[in-house]
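Quick note: the sequence shown uses numbering that gives the first Met the number 0, first residue 0, plus one each step. Just so you know, even glycine gets a beta-carbon here, dropped at the ideal spot from N, CA and C. Heads up, the thing below is written out as structure tokens.
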Amino acid sequence: MKYPNNKVLIKIPPQLDKIFSQQTKLQIGQNQLSIQRLADKIIVDKSIKSDVIQISRQLLMHDNLNASSKVFHQLNYRLMPDKTIRVGPVVGILIAGKESAGSPPVARRARVYKELSQKAAAKNIFLYFFYADDFDWQHRLVKGFIYKSGSGKLHWHKAAFCLPDIVYNRISYRYKEETEAVQNFMSKARQASIYLFNSRFLNKWEVHKSLFNNLQTREFVLETDCYSAATLKKYLNKYNEFFIKPTASSVGKGIIKVIANQPGTIDYFQWGKSSNWQTCHSYGELFNRLSIPAGDKYILQKGIKLASIGKRVFDIRAQVQKDGQGKWQFTGAAVRLAAVGKFVTHVPNGGSKRDYHLTINEVFGSGPITEGLDKQLKNICRHVPQALEESLGINLAVLSIDIGIDRNGHMWIIEVNSKPASFDETAIHKRHLELLTDYFLFKTNFVIQ
0 MKYPNNKVLI KIPPQLDKIF SQQTKLQIGQ NQLSIQRLAD KIIVDKSIKS
50 DVIQISRQLL MHDNLNASSK VFHQLNYRLM PDKTIRVGPV VGILIAGKES
100 AGSPPVARRA RVYKELSQKA AAKNIFLYFF YADDFDWQHR LVKGFIYKSG
150 SGKLHWHKAA FCLPDIVYNR ISYRYKEETE AVQNFMSKAR QASIYLFNSR
200 FLNKWEVHKS LFNNLQTREF VLETDCYSAA TLKKYLNKYN EFFIKPTASS
250 VGKGIIKVIA NQPGTIDYFQ WGKSSNWQTC HSYGELFNRL SIPAGDKYIL
300 QKGIKLASIG KRVFDIRAQV QKDGQGKWQF TGAAVRLAAV GKFVTHVPNG
350 GSKRDYHLTI NEVFGSGPIT EGLDKQLKNI CRHVPQALEE SLGINLAVLS
400 IDIGIDRNGH MWIIEVNSKP ASFDETAIHK RHLELLTDYF LFKTNFVIQ
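The following block contains the structure:
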């Protein structure tokens, strides 16, 4: 093996010198190259640790192999039985936000992606962000963005990258995920055996059925039915308070709260449509005003008297995710407090954040009720992800669970989200990044060092 001083594409530690020359192929992500073709572009570097290889940006960016590069990325490697040396992992993050396709991430999303990029680099993971229509299957490359540090500012570099080992779907909006470009990408990725996880948003009705049919989670499930004239009448006769929710929505969008405390008076509030409560006087009047089609597009759900601080109700937002062994772990939990007079706790809708343990102790004290709540939270976070994976048959690795607490200290699952927003709580966010990057390594069969 020759070790020239120019046009270097690969730097290896001394321990790999003889072993490397015995291999026939180099695999980076889904792409393979002949080691013989690269032989005059490899050098031994004594400063490199024995468990990593440094790969030039040319190889990772599908660029000109005859060019020299001053920028190298340090990656993990594995020696395979077929004389292939695997380098990586290469992780693609599928995105689609409010910004135009092909534009770099912006605002809060850019900050979160920067932090993920930095954590991945610290574990020798090459990570980039891409839009579905920037995947070029014919030429086996992806146009996307990597984060580059420089003068303390966000800097995104756009280039063409090799196909990834694994894809994490972080599309933030349902309507974006339903586009033809995204659906075509999903289909082709499966055909190409690219592991894809959190591949879609969850539907409230399918979540309800999955959790109700599981004996470990049923006790935490609120009575829920698909919307129809008959079920609306049933809930009006049975409950003083209930909700009507679109099955394909999140962060409180489209929720209708119905209160029927007095005979002949029905009050309702449509979140996002009106700033005032509306009143009608019969089931028929309510049904006609709502004008909601029967079927599984909307559900009816029993209301509960949520625990509160003063006049502000609150719920719990917990997160669970898989770790470096592929096992579900509790990431953390925090309180989301609704604004005064509101029933939606999401921060974008006027809610605010609070510490979980401080809030529970303040409301319920430090006695048996609090101990029971901690136990319930543990059971929910242990059994919900397993129940959903088994029932729905999709790959999941990160979930958030919205949990209500009634005034008797019983927890109820309000919603499960496969596209959770990033926690602002520092400790939870750090643990999330740690577990997520460990999972990247596990799922791509790279040993965590």
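| Item | Value |
| --- | --- |
| The segment 419 to 426 contacting the segment 227 to 237, beta-carbon criterion three pairs below 8 Å | no |
| Bridge partner(s) assigned by DSSP for Arg-77 | Arg-85 |
| Host beta strand (DSSP E) of Gly-294 (start-end) | 294 to 301 |
| Proximity to Tyr-146 [Cα-Cα], best of Ala-191, Lys-113, His-138 | Lys-113 |
| Residue closest to Asn-197, alpha-carbon to alpha-carbon, out of Val-166, Phe-211, His-207, Asn-183 | Val-166 |
| Inter-stretch contact (C-beta, 8 Å, three-pair minimum) for the segment 388 to 405 and the segment 313 to 321 | yes |
| Heavy atom of the ligand NAD within 7 Å of Val-86 beta-carbon | As far as ligands go, the structure on display features none, and thus does not contain the ligand NAD. |
| Separation of Val-43 from Leu-37, as counted between CA atoms | 13 Å |
| Whole-Å CB distance - Thr-216 paired with His-431, under 8 Å assumed | Thr-216 to His-431, Cβ: 23 Å. No contact. |
| Sub-8 Å separation of Thr-23 and Ile-11 beta-carbons | no |
| Residue closest to His-154, alpha-carbon to alpha-carbon, out of Glu-176, Ile-308, Pro-104 | Pro-104 |
| Val-339 and Lys-374 closer than 8 Å at C-beta | no |
| Selection from Ser-209, Phe-211, Arg-85 that minimises the alpha carbon distance to Leu-25 | Arg-85 |
| Continuous beta strand (DSSP E) assignments of at least 3 residues falling wholly in the segment 322 to 410 | 327 to 336, 351 to 354, 397 to 404 |
| Cβ-Cβ distance between Ile-94 and Phe-128 below 8 Å | yes |
| Proximity below 8 Å, CB of Asn-123 to CB of Asn-75 | yes |
| Inter-stretch contact at 8 Å, needing at least 3 Cβ pairs: the segment 183 to 199 / the segment 261 to 272 | no |
| Integer-rounded CB distance, given that Met-60 should sit under 8 Å from Ala-159 | 6 Å |
| Helix, strand or coil at Phe-19 [DSSP, three-state] | helix |
| Enclosing beta strand (DSSP E) for Thr-223 [first to last residue] | 223 to 226 |
| Status (buried if at least 16 other CB within 10 Å, exposed otherwise) for Ser-116 | buried |
| Which listed residue (Ser-248, Lys-40, Phe-184, Tyr-234) has its alpha carbon closest to that of Lys-203 | Ser-248 |
| Closest residue to Ile-9 among Gln-53, Ile-393, Lys-45 (Cα-Cα distance) | Gln-53 |
| Under the three-state DSSP convention, the category Glu-205 falls into | helix |
| Contacts around His-207, its chain only, beta-carbon distance under 6 Å, and the 5 residues preceding and following it disregarded | Thr-223 |
| 4-residue-minimum alpha helix (DSSP H) runs that sit fully inside the segment 230 to 254, ordered along the chain | none |
| Beta strand (DSSP E) segment containing Lys-142, residue limits | 140 to 146 |
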